[in-house]
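Heads up: the sequence shown runs through residues 25 to 164, numbered per our numbering.
Here is the structure we will look at, set down as structure tokens.
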Amino acid sequence: MKVIDFSVQTTAYQQLVCITDQVTSIVTQSGFRNGFLTIQSRHTTAGITVNEHLECLEDDINTTLGRLVPEDLPYAHARMLPAYGSTAGNPTGHIKAHLTGNHCHFPVIDGAVVRGEAQDIFLAEFDGPSIRTIMVIMTD
């Protein structure tokens, strides 16, 4: 098994960042030839998802998640947390990341990540801007 981390600096509170090129470059540079690839977020308010890389679709996804998980509800997580010493203000980020999931999988055959023509890999930021760490896990 090979595990390689990389970081992404997000620039907005909620955004989809296409990370396909970084992931495929890591696989190519690693020399990994055949097996399975997992891309995983190390965060609970950022997800990993796969979809078509179209700005209009990305807007639709963000708008729909905003409708499903509105910012102005009285969430239990939006209260003082003694363990943190501050108020938790990111319940929507946790819920949206729960909906998108924190990982995806692809086969790697002859050194190439095998994905559909319209499949790109996205970091889904739900509590930014922030520096996010992504794990690329390659297993035989």
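A virtual CB, placed ideally from N, CA and C, is assigned to each residue, including glycine.
From a predicted model like this one, the values you see are computed outputs, not experimental measurements.
Exercise. Taking just the CA atoms, how far does Thr68 sit from Gly90?
Worked result: Residue 90 sits at position 66 when you count from the first residue of the sequence shown. Residue 68 sits at position 44 when you count from the first residue of the sequence shown. Taking the straight line from one Cα to the other gives about 17 Å.
Problem set entry | Ser49 burial status per 10 Å Cβ neighbour count (16 or more: buried) | Counted from its first residue, the sequence shown places residue 49 at position 25. Under this definition Ser49 is an exposed residue.
Problem set entry | Neighbour flag for Asp164 against chain C, beta carbons, 7 Å | Reference to chain C is not applicable here, since this structure consists of a single protein chain.
Problem set entry | Between the CA atoms of Phe56 and Gly71 - distance to the nearest angstrom | Walking along the sequence shown from the start, residue 71 turns up at place 47. Walking along the sequence shown from the start, residue 56 turns up at place 32. Here the alpha carbons of Phe56 and Gly71 stand approximately 25 Å from one another.
Problem set entry | Residue closest to Tyr37, alpha-carbon to alpha-carbon, out of Ile158, Val27, Ala148 | Counting from 1 along the sequence shown, the entry for residue 37 is found at position 13. Comparing Cα-Cα distances from Tyr37 to each of Ile158, Val27, Ala148, the minimum goes to Ala148.
Problem set entry | Extent of the continuous alpha helix (DSSP H) to which Pro115 belongs | The sequence position of residue 115 within the sequence shown is 91, counting from 1. Note, Pro115: alpha helix (DSSP H), 115–124.
Exercise. Measuring CB to CB, does Ala160 end up less than 7 Å from Ile63?
Worked result: If you number the sequence shown from 1, residue 160 lands on position 136. If you number the sequence shown from 1, residue 63 lands on position 39. According to the sequence as given, residue 160 is Val; it is not Ala. Yes; because the gap between Cβ atoms is below 7 Å, this pair is in contact.
Exercise. Would you call the region 77–96 and the region 38–48 in contact, with 3 or more CB pairs under 8 Å?
Worked result: When Cβ pairs closer than 8 Å are counted between the two stretches, the region 77–96 is seen to touch the region 38–48, the count reaching three or more.
Exercise. What is the DSSP secondary structure of Gly147, reduced to helix, strand or coil?
Worked result: In the sequence shown, residue 147 corresponds to position 123, counting from 1. The amino acid at residue 147 is misidentified as Gly; the sequence shows Leu. Leu147: strand per DSSP, three-state reduction.
For this session: May I ask which residues mark the beginning and end of the alpha helix (DSSP H) holding Ser54?
Result: Here residue 54 refers to the residue found at position 30 when the sequence shown is read from its first residue. Membership of Ser54 in the alpha helix (DSSP H) is indicated by the continuous run 44–54.
Problem set entry | Own chain, CB closer than 7 Å to Gln143, minus 5 neighbours either side, in chain order | The sequence position of residue 143 within the sequence shown is 119, counting from 1. A distance below 7 Å between beta-carbons, with the five flanking residues on each side excluded, links Gln143 to the following residues of its chain, in chain order: Val74.
Exercise. What residue from Ile119, Leu123, Val138 has the CA that sits closest to His129's CA?
Worked result: On the sequence shown, residue 129 is found 105 positions in, with the first residue counted as 1. With distances taken between Cα atoms, His129 lies closest to Val138.
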